[in-house]
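K.L.:
Next up is a structure, given as structure tokens.
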Amino acid sequence: MTTAPTSTESPDGWLETVVVPRTSDIGGFEVRRALPSTRKRMVGPFVFLDQMGPAILQAGAGIDVRPHPHIGLATVTYLFDGEILHRDSLGTVLPIRPGAVNWMTAGRGIAHSERSATDERGRDRLLSGIQSWVALPKTHEETDPAFVHLGADELPVVEGEGKRLRVVAGVAYGVRSPMNTLWDTLYVDASLDAGARLPIDRETEERALYIADGTVTIHGDRFESGRLLVLRPGDAVTVEAETAARLILLGGAVMDGPRHIWWNFVSSRQDRIEQAKAEWKAGRFDAVPGETEFIPLPER
Numbered sequence: 009m010t011t012a013p014t015s016t017e018s019p020d021g022w023l024e025t026v027v028v029p030r031t032s033d034i035g036g037f038e039v040r041r042a043l044p045s046t047r048k049r050m051v052g053p054f055v056f057l058d059q060m061g062p063a064i065l066q067a068g069a070g071i072d073v074r075p076h077p078h079i080g081l082a083t084v085t086y087l088f089d090g091e092i093l094h095r096d097s098l099g100t101v102l103p104i105r106p107g108a109v110n111w112m113t114a115g116r117g118i119a120h121s122e123r124s125a126t127d128e129r130g131r132d133r134l135l136s137g138i139q140s141w142v143a144l145p146k147t148h149e150e151t152d153p154a155f156v157h158l159g160a161d162e163l164p165v166v167e168g169e170g171k172r173l174r175v176v177a178g179v180a181y182g183v184r185s186p187m188n189t190l191w192d193t194l195y196v197d198a199s200l201d202a203g204a205r206l207p208i209d210r211e212t213e214e215r216a217l218y219i220a221d222g223t224v225t226i227h228g229d230r231f232e233s234g235r236l237l238v239l240r241p242g243d244a245v246t247v248e249a250e251t252a253a254r255l256i257l258l259g260g261a262v263m264d265g266p267r268h269i270w271w272n273f274v275s276s277r278q279d280r281i282e283q284a285k286a287e288w289k290a291g292r293f294d295a296v297p298g299e300t301e302f303i304p305l306p307e308r
């Protein structure tokens with residue numbers, strides 16, 4: 009299990025906090041957790057952010073995340089490399105590949121699994137990407153569960169001047185993602201050549217920049233990969249890539265209140281978390297078709 013990441017404040021006016029994720033190895037697969045942090049719980053609706061890999065999965069091995077539950081959030085899975093097979097209690101069975109997005113709204117409750125497909129296990133392959141959660145507004149925490157997949161060719165891409173920007177959610181760089189969200193949300197995958205410059209405007213209320221790969225400078229300060237830079241509201245900044253870099257720009261409007269997080273459950277109400285715990289332990293979540301395993305409720 010990954011431990012909470014650390015945070016440090018910056019004296020720079022444009023930068024609120026730098027979060028240095030804690031790194032864990034889960035069976036040869038490295039995960040860096042940037043949110044939640046002890047000093048920054050949320051950025052817009054984002055309450056959870058993991059970088060998966062990069063890691064080489066050996067032939068015969070794979071990812072096997074057994075069925076587990078969620079409430080009160082939407083999971084957002086976005087891959088840089090590799091493939092993961094998604095199954096959920098709605099009956100969805102669908103692989104996700106690089107540049108596509110899986111947006112699973114848990115609402116009142118959903119269960120899902122994430123595995124390597126059988127036909128993928130016969131060879132060595134690279135897997136890397138970002139797993140994040142967005143909180144649902146209080147008015148929609150008990151909405152019906154839903155699943156949306158948008159392929160790489162369905163998400164708008166802006167290219168030029170050494171940049172390739174895919175807008176996964178929200179409006180940015182003159183284009184709008186077709187992904188419908190329940191809260192004002194921004195999510196951009198930015199690939200920069202060395203020397204390229206990426207402006208970040210002040211329009212989004214809360215913004216953060218996760219450096220998945222490479223080294224960048226901002227206002228003369230240098231930042232390496234594996235850092236979440238939380239930007240101060242109202243300040244426009246320009247990122248310059250010192251090396252080729254891969255960045256995730258995320259954020260949105262300030263959420264309508266704090267959220268409780270326990271295991272895979274998110275809610276504005278602690279009693280709703282307790283209810284979800286009891287329901288999973290009693291087997292009252294809908295099952296995932298084709299799955300016979302599940303992850304038990306943790307002891308603590």
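Last residue of the sequence shown: 308 in my numbering, with the numbers rising by one and none dropped.
Note that beta-carbon positions come from the ideal geometry of N, C-alpha and C, so glycine has one too.
1. Kindly indicate which residue of 278, 136, 259 has the alpha-carbon position closest to the one of residue 267.
2. Report back the beta-carbon spacing between residue 142 and residue 43 to the nearest angstrom; my notes put them in contact at under 8 Å.
3. Would you check if the segment 211-226 and the segment 242-261 touch, i.e. whether three or more CB-CB distances between them fall below 8 Å?
4. Pick out whichever of 293, 259, 287, 158 has its Cα sitting closest to the Cα of residue 55.
5. Under 8 Å, with one C-beta from each stretch per pair, do the segment 68-80 and the segment 178-188 reach the 3-pair mark?
6. Between residue 70 and residue 187, what straight-line distance do the alpha-carbon atoms span, to the nearest angstrom?
7. With a threshold of 6 Å on Cβ separation, who are the neighbours of residue 297 within its own chain once the five nearest residues in sequence on each side are excluded?
8. Compute the Euclidean distance between the alpha carbons of residue 244 and residue 148, then round it to the nearest angstrom.
9. Among 128, 252, 280, 264, which has the Cα closest to the Cα of residue 115?
10. Give the DSSP-derived three-state secondary structure of residue 201 in the structure shown.
11. Near residue 169, what residues of its chain come up, given a Cβ to Cβ distance below 8 Å and the 5 sequence neighbours on each side ignored?
12. Please name the residue or residues paired with residue 247 in a DSSP beta bridge.
13. For residue 57, tell me which candidate among 162, 85, 222, 130 has the shortest Cα-Cα distance.
14. Suppose contacts are defined by Cβ-Cβ distances below 9 Å. Is residue 254 in contact with residue 197 by that definition?
15. Cβ of residue 276 within 9 Å of Cβ of residue 146?
16. Cutting at 6 Å between CB atoms, please list the residues of its own chain near residue 302, excluding the five before and the five after it.
P.N.:
Once the coordinates are examined:
1. As a first step, residue 267 is located in the sequence shown; it is residue number 259 there, counting from the start. Nearest to residue 267 by C-alpha distance, out of 278, 136, 259, is 278.
2. Position 134 of the sequence shown, counted from the start, is the residue given in the question as residue 142. Position 35 of the sequence shown, counted from the start, is the residue given in the question as residue 43. Contact between residue 142 and residue 43 fails: their C-beta atoms lie close to 11 Å from each other, not under 8 Å.
3. Yes, the segment 242-261 is in contact with the segment 211-226.
4. Position 47 of the sequence shown, counted from the first residue, corresponds to residue 55. Residue 259 is the option with its Cα nearest to residue 55.
5. Too few Cβ pairs lie closer than 8 Å, so no.
6. For the purposes of this step, residue 70 is taken as residue 62 along the sequence shown, with counting starting at 1. For the purposes of this step, residue 187 is taken as residue 179 along the sequence shown, with counting starting at 1. Computed Cα separation, rounded: 29 Å.
7. Taking the first residue of the sequence shown as 1, we reach residue 297 at position 289. If we look at residue 297 and ignore the five residues flanking it on each side, its Cβ neighbours are 99.
8. Locating residue 244 in the sequence shown gives position 236, where the first residue counts as 1. Locating residue 148 in the sequence shown gives position 140, where the first residue counts as 1. Take the alpha-carbon of residue 244 and the one of residue 148: they are about 32 Å apart.
9. Translated into the one-based positions of the sequence shown, residue 115 becomes position 107. Considering only alpha carbons, the answer is 280.
10. Residue mapping note: residue 201 aligns to position 193 of the sequence shown, counting from 1. Under the three-state reduction of DSSP, residue 201 is assigned to coil, being neither helix nor strand.
11. Here residue 169 refers to the residue found at position 161 when the sequence shown is read from its first residue. Within the same chain, 204, 205 come within 8 Å of residue 169 by CB-CB distance, once the 5 residues on both sides are set aside.
12. Within the sequence shown, the letter at position 239 stands for residue 247. Looking at the DSSP assignment, residue 247 forms a beta bridge with 206, 226.
13. Working through the sequence shown from its first residue, we reach residue 57 at position 49. It is 85 whose Cα lies nearest to the Cα of residue 57.
14. For the purposes of this step, residue 254 is taken as the residue at position 246 of the sequence shown. For the purposes of this step, residue 197 is taken as the residue at position 189 of the sequence shown. Contact: yes.
15. Position 268 of the sequence shown, counted from the start, is the residue given in the question as residue 276. Position 138 of the sequence shown, counted from the start, is the residue given in the question as residue 146. In this structure, residue 276 sits near residue 146, with a CB-CB distance shorter than 9 Å.
16. Residue mapping note: residue 302 aligns to position 294 of the sequence shown, counting from 1. Cβ within range, chain order: 74, 75.
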